[in-house]
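Remarks on the structure that follows.
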Amino acid sequence: MTPATRAVAAAVALCCWLGRAMWPGEIDAGNLGLALGGFAPVAHHPQPPGYLFHVVLGKVFAALVGDAHRGLALQAAVTAGLGALAIAALARRCLGGGLAPWLALAIGCTPVVLYMGGDALSGIDALGLGALATLLLVRAAGGEGRAFAAASLLLGLAGGFRPDVTILLAVAWLVAARPYGWAQRAGGAVLLLVGALTWLLLTVIACGGVGPLVAACGYVQPILDREALWRDGTLERQAATLWRIGWAVLLGGGPALAFGLCLWPLRRAAVAQALPVATRAVLHAAAWPPLLLLALTFCHKKAYLFAALPALAVLAAASWRSLLRERAVAALHAVGAAAGLLAWLLLPAATSRQADADGFGRAHEALPWLDRLSWQPLEHTLASRRAMDARYDELAHQIRRAHEQGQRVAVVSHPPDPIDLRPLGLMAPAITVVELDGTPGAWRRVRIGKGASEHVIAPDGDGRVAVDADVVIACVGWDKAWAAQLQQAGAQLVMAAPTVVFAIANGPVRW
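For the record, in the sequence shown the residue sitting at position 330 is 334 according to this note's numbering, with numbers rising by one throughout.
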């Protein structure tokens, strides 16, 4: 490990920590914070399958800083720095030491890594685990038996942090096992299974059995039904998935990686001469099968691609190096890192939340209206994170003021609201959180949650919903119809922030 590599890793970790989220930005972050107080995947604390090892490590960081959310954010920042080290180690093995810190810098400064590295979620784990596993598999394919054993155990244990790492790199493991006899392959399989069972059995015990864990994982089924190619293979949805993967490559790997991959088909012969056959086989297996799997299933979050990004980065850099001198390739990655950092620091926040917290469009079925999907890049900025934190600060202030006056509080959200309000209901059980789907007076579905429980109800005959509260805090975004509906309900409106309307009523409010 060179001083330059250590400096890059420290800089990435520091940037992630300074740009961290001050509040849980989505429901998964809130549930993960609650999991530090009690691991219960069946109750989605955290969401199944549970990320057991991430939670255990999160408790250590939370104890260091004295707060669950800040501890998880610190864990993410440190993990981002370690991920940069792992990427540099992989690049050094495949390309030599000259490009190693530059690849780590280019990926570490992308908006997606800076965003996820400051988020209180487990997604950033996949970056370092994917790079380390790919490095061990490359060494294993070169005939290092101990590396094969270590890679097998690591891939099994990685599921305790991010199960997608184990799944996405399974083909690369099979490729790395080719040089060995059946006995060594069986031994590697046993190590992989032991690693996986280590966290899986503990998770099953915490859930009270296999049945409850499987049932809790059922939340994935509607997503597959809606988006998986073999369930609903409409060209529109498939194109939307490919669109999101393209943004994931560009915003998660940087321009040098994205354009290097475009160059790879033209320089394939030269790349083949530069990389050993076994190394090249593992890198391809760690890069393309994950892309194909995500394209056929779903890819809501750019972090899903983290496990494959290290292999993609090395292939892209090898393509550049077959065309340019090493210094020029390093300069390209430096320019890409600067572009990513400037985009993160300077781009304004989006004016509407057309995306989930990490930047993928909720309106994924609306591909013909590309103006909606075009907001995605703007979600990955420091300005959008600070705007979200400011909204949460304002909400927390109003909630505290209402509680001091002994008033019952309901917080209402409606897409495209700028923030996910459900974590508030998790952190403050006295708050009722209402999530509306549809238009004022014609709601299709209403989800009401109080604390860790929630239920879905249908509107009444006139298309309205009654919420029993003294103070209703409604995030209306830019939807003026909300204000009109609240006024018709006889509520007093107070504009406390650009995107928040506070309605104070004398009893139940009906929308």
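We treat Cβ as the ideally placed atom computed from N, Cα and C, and that holds for glycine. Given the structure is predicted, the values throughout are model-derived calculations rather than measurements.
Give the secondary structure of residue i by DSSP, where H, G and I count as helix, E and B as strand, and everything else as coil.
i      : result
His288 : helix
Gly48  : One point to set straight first is that residue 48 is His, not Gly, in the sequence displayed. It is coil, neither helix nor strand.
Ala124 : coil
Thr6   : coil
Ala391 : helix
Thr170 : helix
Thr114 : coil
Thr436 : strand
Ala200 : helix
Ala33  : helix
Ala25  : coil
Ala181 : coil
Val69  : helix
Ala11  : helix
By Cβ distance below 8 angstroms, which residues in the same chain neighbour residue i in space, the five residues on each side in sequence not counted?
i      : result
Leu76  : Ala33, Leu36, Gly37, Leu40, Gly62, Phe65, Ala66, Ala124, Leu125
Leu246 : Ala299
Ala13  : Gly85, Leu86, Ala88, Leu89, Ala92, Ala108, Gly112
Asp393 : Ala25, Met26, Trp27
Are the Cβ atoms of residue i and residue j separated by less than 7 angstroms?
i      : j      : result
Gly147 : Pro183 : yes
Thr170 : Ala232 : no
Ser326 : Ala274 : yes
His160 : Leu196 : Note that residue 160 corresponds to Gly in the displayed sequence, not to His. Against a cut-off of 7 angstroms, the Cβ pair of Leu196 and Gly160 comes out as a contact.
Ala315 : Leu279 : no
Ala135 : Leu172 : no
Leu139 : Gly199 : no
Arg389 : Ala25  : yes
Cys303 : Pro52  : no
Ala153 : Arg143 : no
Leu2   : Val224 : With the chain covering only 5 through 515, there is no way to say anything about residue 2.
Cys19  : Leu118 : yes
Val318 : Cys98  : yes
Ala320 : Gly250 : no
Trp348 : Pro45  : no
Tell me which residues share the same chain as residue i and place their Cβ nearer than 7 angstroms to its Cβ, disregarding the 5 neighbours each side in the sequence.
i      : result
Pro28  : Gly34, Gly37, His73, Ala124, Pro427
Phe165 : Tyr55, Phe57, His58, Ser126, Asp129, Leu133
Pro226 : none
Gly192 : Phe152, Ala153, Ser156, Ala181
Ala8   : Pro105
Ala162 : Leu133, Ala137, Val169, Thr170
Pro167 : Pro53
Report all residues from its chain with a CB closer than 6 angstroms to the CB of residue i; omit the five preceding and five following residues, and keep chain order.
i      : result
Ala176 : Leu141, Val286, Ala289, Ala290
Ala282 : Ala145, Gly146
Trp21  : Ala81
Ala307 : Met120, Gly127
Thr6   : none
Tyr396 : Trp27
Leu254 : Ala262
As an exercise, report each continuous beta strand (DSSP E) stretch of at least 3 residues that is fully enclosed by the segment 209-263, in chain order. For the beta strand (DSSP E) assignment, the segment 209-263 encloses no uninterrupted run of at least 3 residues.
Alpha helix (DSSP H) runs contained entirely in the segment 292-335, provided each spans 4 or more residues: Counting only runs that start and end inside the segment 292-335, the alpha helix (DSSP H) elements of at least 4 residues fall at 313-325.
In chain order, each alpha helix (DSSP H) run of at least 4 residues that lies wholly inside the segment 81-107: Correct list: empty.
Any contact of the segment 338-346 with the segment 252-261, i.e. 3+ C-beta pairs under 8 angstroms? Three or more beta-carbon pairs drawn from the segment 338-346 and the segment 252-261 are found closer than 8 angstroms, and the two stretches are therefore classed as touching.
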